[in-house]
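Encoded as structure tokens, the structure appears first; notes follow it.
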């Protein structure tokens, strides 16, 4: 290829704290507009900033899971720029002494494992949010998100394809969500990504003019934006024109990037140390305490599921890709110790229902005890799998009691061999043409006989027993 794409990422991840970074306002998502605002986070003068200890601890945890060097004395700085959703006219962030530097995250690529190196991770406050009203042509400001704590994970320009970027973001999401650092819900904005992209002639060591694609919060959109912007860069260079260092936004509907503003350099922000916030010293004991209390990593869990519990790589990969599914698996194991069955019900049934309702893995919510009961009832053949799937859907939608529903609707599996044999005989008596076709070599009709028998038994029989009964009957003709 004549050109090579080079990318670095800035990933913004909101931290899982109850309160904001420098005040006691709630940091929770979903509040009414401007519900969680006080004099401190709305930028009133003379209000002191008090650092949230939990946010610093989560920053240390992020350093640990990304193999980063932790800075032993951190400080906060002011980044100056004027924007309507930034009430103070500056953002409190870190540049001179960030929480950590020189980390790395390993990803899987088509060519094997690859290390993505990190320049730094720093803690900073989030900005507010502009709400654009198309009816009036005005923009209003919601300050609920202002001063919500986040970390910005800054990679080096190590990416060469959209697939590598997506793999890295999925890996980061697993690392951070499993460690309870963030819920990483991209659809809620708690994980967002800026892509810095440039192209250069293959073999060149000189970086090209970069553009930044701002505030991406969908893996599909990120991949599409990278492909588009790479092509645009090449087309501009091939036309003999000069690229402009700028910030661009992605329009999902038009599948294009559009210029927002010229891209600033660090000097434009006029960083300087924030004299109102004292430096924080991070000792070995504090680091080890946080390290000791970290939950199981996604990759460690993957290894446990495959090596100790016998799950396939595929099943383990799906379960450990989501903190929600992982927690569901562990909780269900406490009620029914059948790992392969639990994995199958989660991946095949629960995720199918979620997808049908336009929801993802992280949106799956179910009463664990009832979920385990359904698995147990099907496994011991109290009901067949089709009935179990129906009950599962009702538990999700109406939270029914499985046992009560089975009793009230007489759904217990038909296991009486004589009753099943009688139904099989009736099916063959009613379908003589199909029986003759089967005898003449049309073996696909076996499934038809199974379906008709199940229908005659009200869908309550064990399909395995029905199959055996039909095979036995056919072997005697």
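In my numbering, the protein residues as written are 22 to 498. Don't be surprised by glycine CBs; every beta carbon is placed ideally from N, CA and C.
I'd like to check one pair, residue 29 with residue 176: are the Cβ atoms closer than 8 Å? Within the chain shown, numbered from 1, the residue matching residue 176 stands at position 155. Within the chain shown, numbered from 1, the residue matching residue 29 stands at position 8. Their beta carbons are under 8 Å apart, which means residue 176 touches residue 29 by this criterion.
May I have the straight-line CA-CA distance separating residue 123 from residue 81, to the nearest angstrom? Along the chain shown, one-based indexing puts residue 123 at 102. Along the chain shown, one-based indexing puts residue 81 at 60. Their Cα atoms are separated by approximately 14 Å.
Could you check which residue in 221, 88, 487 and 97 has the C-alpha nearest to that of residue 111? On the chain shown, residue 111 is found 90 positions in, with the first residue counted as 1. Selected option, being the one with the closest Cα: 97.
Residues bridged to residue 207 [DSSP beta-bridge criterion]: On the chain shown, residue 207 is found 186 positions in, with the first residue counted as 1. Answer is none; residue 207 lacks a bridge partner.
Among the candidates 179, 224 and 173, whose CA atom is the shortest distance from the CA of residue 203? The count along the chain shown starts at 1 and reaches residue 203 at position 182. Comparing alpha-carbon positions, the option among 179, 224 and 173 lying closest to residue 203 turns out to be 173.
For the structure I just gave you, are there three or more beta carbon pairs, one from the segment 444-460 and one from the segment 417-431, closer than 8 Å? In short, these stretches do not touch, since the Cβ pair count stays below three.
Per-residue DSSP class, three states only, for residue 217: Here residue 217 refers to the residue found at position 196 of the chain shown. In the structure shown, residue 217 sits in a strand (DSSP, three-state: E or B).
By the 10 Å Cβ neighbour count, where 16 or more other Cβ atoms means buried, how is residue 490 classified, buried or exposed? Along the chain shown, one-based indexing puts residue 490 at 469. By the neighbour-count rule (16 or more Cβ atoms within 10 Å), residue 490 is buried.
Buried or exposed, going by whether 16 or more other CB atoms sit within 10 Å of the CB of residue 350? The residue labelled residue 350 in the question sits at position 329 within the chain shown. Answer is buried; the Cβ neighbour count reaches 16.
Taking DSSP's pairing of strands, which residues face residue 279 in a bridge? The sequence position of residue 279 within the chain shown is 258, counting from 1. Paired residue(s): 270.
Do residue 100 and residue 109 have their beta-carbon atoms positioned less than 8 Å apart in this structure? Translated into the one-based positions of the chain shown, residue 109 becomes position 88. Translated into the one-based positions of the chain shown, residue 100 becomes position 79. A distance of 8 Å or more separates the beta carbons of residue 109 and residue 100.
Name, in chain order, the residues that DSSP records as bridge partners for residue 15. In the structure as shown, the chain begins at 22 and stops at 498. Residue 15 is therefore absent and cannot be evaluated.
Neighbour-count burial assignment, residue 141, 16 or more Cβ in a 10 Å radius: In the chain shown, counting from the first residue as 1, residue 141 sits at position 120. That one is buried.
Could you name the residues of the same chain whose beta carbon sits closer than 8 Å to that of residue 244, not counting the 5 residues immediately before and after it, in chain order? Counted from its first residue, the chain shown places residue 244 at position 223. By the criterion of a C-beta distance shorter than 8 Å, residue 244 is surrounded in its chain by 183, 184, 186 and 187, once the five residues flanking it on both sides are discounted.
Which of helix, strand or coil DSSP assigns to residue 472: One-based indexing of the chain shown puts residue 472 at position 451. Shown here, residue 472 sits in a helix according to DSSP, grouped into three states.
Please say whether residue 280 and residue 267 have beta carbons closer to each other than 8 Å? For the purposes of this step, residue 267 is taken as the residue at position 246 of the chain shown. For the purposes of this step, residue 280 is taken as the residue at position 259 of the chain shown. Yes, the Cβ-Cβ distance between residue 267 and residue 280 is below 8 Å.
What residue from 358, 139 and 344 has the CA that sits closest to residue 200's CA? Indexing the chain shown from 1 puts residue 200 at position 179. Checking every option, the nearest Cα to that of residue 200 belongs to 344.
Between residue 315 and the rest of its own chain, which residues show a CB-CB distance below 8 Å, the 5 nearest in sequence each way excluded? For the purposes of this step, residue 315 is taken as the residue at position 294 of the chain shown. Within its own chain, the residues whose Cβ lies closer than 8 Å to the Cβ of residue 315, once the five positions on either side in sequence are excluded, are 82, 85, 86 and 200, listed in chain order.
From residue 332 to residue 325, what does the alpha carbon distance come to, in whole angstroms? As a position in the chain shown, residue 332 is number 311, starting the count at 1. As a position in the chain shown, residue 325 is number 304, starting the count at 1. Approximately 9 Å between the Cα atoms of the pair.
In three-state terms, what does DSSP make of residue 365? Start at 1 with the first residue of the chain shown, and residue 365 comes out as number 344. Reduced to three states, the DSSP call for residue 365 is helix.
Going by C-alpha distance, which of 210, 384, 358 and 355 is nearest residue 346? Within the chain shown, residue 346 is the residue found at index 325, counting from 1. With distances taken between Cα atoms, residue 346 lies closest to 384.
Work out the CA separation of residue 321 and residue 118 for me, nearest whole Å. Taking the first residue of the chain shown as position 1, residue 118 is located at position 97. Taking the first residue of the chain shown as position 1, residue 321 is located at position 300. Straight-line Cα distance between these residues: approximately 31 Å.
At a cut of 8 Å, does the segment 289-305 reach the segment 59-75 through at least three beta carbon pairs? The segment 289-305, when compared against the segment 59-75, does touch it at the 8 Å Cβ threshold.
DSSP beta-bridge partners of residue 27: Numbered from 1 along the chain shown, position 6 holds the residue referred to as residue 27. The partner list for residue 27 (beta bridge, DSSP) reads 219.
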